Amino acid sequence: MSAFLAQTRTELRLSLRNGEQLLVSIAIPLLLLVFFSLVDVLPLPDGVDRGVQFLTPGVLALAVMSSAMVALGIGTGFERQYKVLKRLGATPLGRPRWVAAKITMVLGLLLIQSIVIIAAACLLGWSPGGSPVLAPLAMLLGAAAFAGLGLLMAGTLRGTLTLALANGLYLVLLLAGGMIIPFDQMPGPIGALGRLLPSGALSQVLQASLRDGAPAAGSSWIVLAVWAVLAPAAAIRFFRWE
Amino acid sequence: MSFPSGTGEAPAIEVDDLTIRYGDHVAVDGLSFSAERGRITALLGPNGAGKTSTVETLEGYRTPSSGRVRVLGLDPHRDHRALVPRLGVMLQSGGVATGIRPLEVLQLFASYYDDPADPVELLELVGLADHRRSTWRSLSGGEQQRLSLALALIGRPEVAFLDEPTAGIDPAGRLLIRRIIAELRTEGVAVLLTTHDLDEAERLADQVVIIDHGRLLADATPADLMRSSDAREVRFAAPAGLDTAGLAERLGAAVSEVTSGEYLVAAEGSPKVVAALTAWLAEHDLPLGDLRVGRQSLEDVFLRLTESAASSATPAMSSRGSRRGRR
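Here the protein sequences come in this chain order: A and B.
For the first sequence, our numbering begins at 1 and goes up steadily by one.
For the second sequence, our numbering begins at 1001 and goes up steadily by one.
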């Protein structure tokens, strides 16, 4: 088997074997989707009558953040701390193929997450609207932005610190990013700030792509694209291999 | 795999006037030595002697501040891509994802090389065939070391860099690792291993390169190193603080207390001298610990070299305590 395929397969297998990563990538998004779709306690945006219509795009955005930032960041952070990256430097694998394998792993995780979340949403009676063809593009841009943030932490901090910070950031970006609590139900300044976060931009763009009647997301596309360029650029600039 | 050894061919490893600085600190200071294919070269020195800096430069992780290194005739940093498929590397610790299983990581590493060794055979060779379901984090330190060694060998390297391959390993594991390393010699691999373990260097190495404070102290075969040292001496161990002047008078030769409780008599180790020494101890009702005549152990040579280097350089020798602890 080629080194790239073997590396990708191993990365995916290790991610799926890791209980904490599965919890963050699959269990938590699924739990939020199912629970808040069935139990009517969260505020909904104006004009939305069923929770699943709002929650499905938001939880897909959350899934992107959990694989690309949390799973990738924590995994890579510990690999750096335990000298896995250093050891790989003394093999013919090479950094380009390693990076390619990591990207493919994140995309693979995203595919699995999307299938599980969309299947659950359909069972809960979700009917997509908007222009769904744009959703994969939005998720790819979001993945680039969050992977940049995850690798920036992984490449500059110790493994345990990356673990703590990635999980903390996950919670903040989740709550302030309009993923499960709509921006129009937040106090004005927080909502305005939240829309500038990568999580906020991604959730707005996914709402517009997947839900009829969602506000147009032109400026959120721009915010998301800026994050998708700046975060990976910062990771490339500051990542230390040892 | 076989390679012509030695004659006429460039050495597998060449270190030529290598200097490595970290800021103001000089880790390696004008070091030169070479290592041949089909031979095991031990790089020996106390902690902080510059062993790992030297090896990491040869592996391409660092660049020399000045001087030159070549591995298989190539520059390890500049020619990294061409060289790395021909190298096997064992780091001092870590290097493997904690959740991976032994066979998985061997198969993964095998995929990096064009003509790898068989992962299953290699797993058996290092005695981990029964650990297929264990993850790296659940292996003992010794098992991790053996797996690291297998990973260094999966690509059938021409040059193997092994950083403290038997550190912290149980005796059975140590024997197994030594046997595998010794086998590499017959396959024509150039092995460079770093170690504090003098016994290991003495048993395993064809060539011993001793360094301290980044400088070369000795470069020879273990036999030559031990022979070359002054054979006109008797060493013994007895309680600390003996009356060395009195003993010297009796023996007609200088006596010095090398370290606390260890003595050196500057005389030929003749039966007459030994008899006089033991008689003197008996008269004073003193026990005799170790007694060695003529041929020194590699440890004696090592201590003598590193201690004289320490006294001629900075006096702050951090590893003094650990050396005494070896006795």
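Glycine included, C-beta positions come from ideal geometry on N, C-alpha and C.
Quick caveat, the model's predicted, so the values are computed rather than measured.
Only residues of its own chain outside the window of five on either side were considered, and among them Ala138, Leu141, Gly142, Ala145, Pro198, Ala201, Leu202 and Val205 have a CB closer than 8 angstroms to the CB of leucine 224 of chain A, listed in chain order. Alanine 1042 of chain B and tryptophan 1136 of chain B have their C-alpha atoms roughly 28 angstroms apart.
Taking a Cβ-Cβ threshold of 8 angstroms, the residues of chain B close to tyrosine 82 of chain A are Gly1094, Gly1095, Val1096, Ala1097 and Thr1098, in chain order. Counting the other CB atoms within 10 Å of its CB gives aspartate 1243 of chain B a total below 16, which places it among the exposed residues. Taking all protein chains in view, the Cβ of threonine 1186 of chain B is surrounded by fewer than 16 other Cβ atoms within 10 Å, so the residue is classified as exposed. When the alpha-carbon of valine 1234 of chain B is set against those of B/Ile1169, B/Arg1292 and B/Ala1110, the nearest one is in B/Arg1292. The C-beta of glutamate 1036 of chain B comes no closer than 8 angstroms to any C-beta of chain A. Against chain B, a Cβ distance below 8 angstroms from proline 92 of chain A picks out Arg1081, Val1084, Pro1085, Tyr1112, Tyr1113 and Gly1155.
Here glutamate 1143 of chain B is buried, its C-beta having at least 16 other C-beta atoms within 10 Å. Alanine 164 of chain A and tryptophan 241 of chain A have their C-alpha atoms some 20 angstroms from each other. Within the same chain, and ignoring the five residues on either side of leucine 152 of chain A in sequence, the residues whose Cβ sits closer than 7 angstroms to its Cβ are Ala231, Ala234, Ala235 and Phe238.
Scanning the stretch 1155 to 1236 of chain B from its first residue to its last, the whole beta strand (DSSP E) runs of 3-plus residues come out as 1159 to 1163, 1190 to 1195, 1207 to 1212 and 1215 to 1220. By the C-beta density criterion, aspartate 1290 of chain B is exposed, having fewer than 16 other C-beta atoms within 10 angstroms. Around the beta carbon of histidine 1284 of chain B, a 10 Å sphere encloses fewer than 16 other beta carbons of the protein chains shown; the residue is thus reported as exposed. In the displayed model, phenylalanine 78 of chain A falls within a helix according to three-state DSSP.
Setting aside the 5 residues that flank it on each side, proline 1287 of chain B is surrounded in the same chain by Ala1238, Pro1239 and Leu1281, each with a C-beta closer than 8 angstroms to its C-beta; the list follows chain order. Cβ-Cβ distances below 6 angstroms link leucine 12 of chain A to Met105 and Gly108 in the same chain, with the five nearest sequence neighbours on each side left out; the list follows chain order. Leaving aside the five residues that flank arginine 1062 of chain B on each side, the residues in its chain whose CB is nearer than 6 angstroms to its CB run, in chain order, Glu1056.
Looking from the CA of glutamine 1107 of chain B, the closest CA among B/Asp1199, B/Arg1179 and B/Gly1155 belongs to B/Gly1155. For histidine 1080 of chain B, the uninterrupted alpha helix (DSSP H) run begins and ends at 1080 to 1083, by DSSP.
For the pair glycine 159 of chain A and glutamate 20 of chain A, the Cα-to-Cα distance works out to about 15 angstroms. Annotation note: the stretch 1233 to 1299 of chain B contains the following uninterrupted beta strand (DSSP E) runs of length 3 or greater, listed N- to C-terminal: 1234 to 1237, 1255 to 1259, 1262 to 1265 and 1291 to 1293. The alpha carbon of alanine 1027 of chain B has as its nearest neighbour, out of B/Ala1035, B/Leu1018 and B/Ser1034, the alpha carbon of B/Leu1018. Excluding residues up to 5 positions away in sequence, nothing lies with its Cβ nearer than 7 angstroms to the Cβ of serine 219 of chain A in the same chain. Close partners of glutamate 1104 of chain B in chain A (Cβ separation under 7 angstroms): Thr10. Secondary structure at glutamate 1036 of chain B: coil, using DSSP grouped into helix, strand and coil. DSSP places methionine 186 of chain A outside both helix and strand once states are collapsed to three, so it counts as coil. In the structure shown, the three-state DSSP call for leucine 1303 of chain B is helix. Going by beta carbons, leucine 1298 of chain B and leucine 1198 of chain B fall inside the 8 angstroms limit. In this model, glycine 1168 of chain B and isoleucine 1177 of chain B are separated by some 12 angstroms (Cα to Cα). With respect to the C-alpha of glycine 155 of chain A, the residue from A/Ile190, A/Thr76 and A/Ile26 having the closest C-alpha is A/Thr76. Valine 133 of chain A sits in coil when the DSSP states are folded into three classes, being neither helix nor strand.
In terms of CA proximity to histidine 1080 of chain B, A/Arg95 leads the group A/Leu175, A/Arg17 and A/Arg95. At a cut-off of 8 angstroms between C-beta atoms, alanine 166 of chain A does not count as an interface residue with respect to chain B.
Close CB contacts of aspartate 1114 of chain B within its chain, under the 8 angstroms cut and outside five residues either way in sequence, are with Pro1085 (chain order). The C-alpha of alanine 176 of chain A is placed about 7 angstroms away from the C-alpha of isoleucine 190 of chain A.
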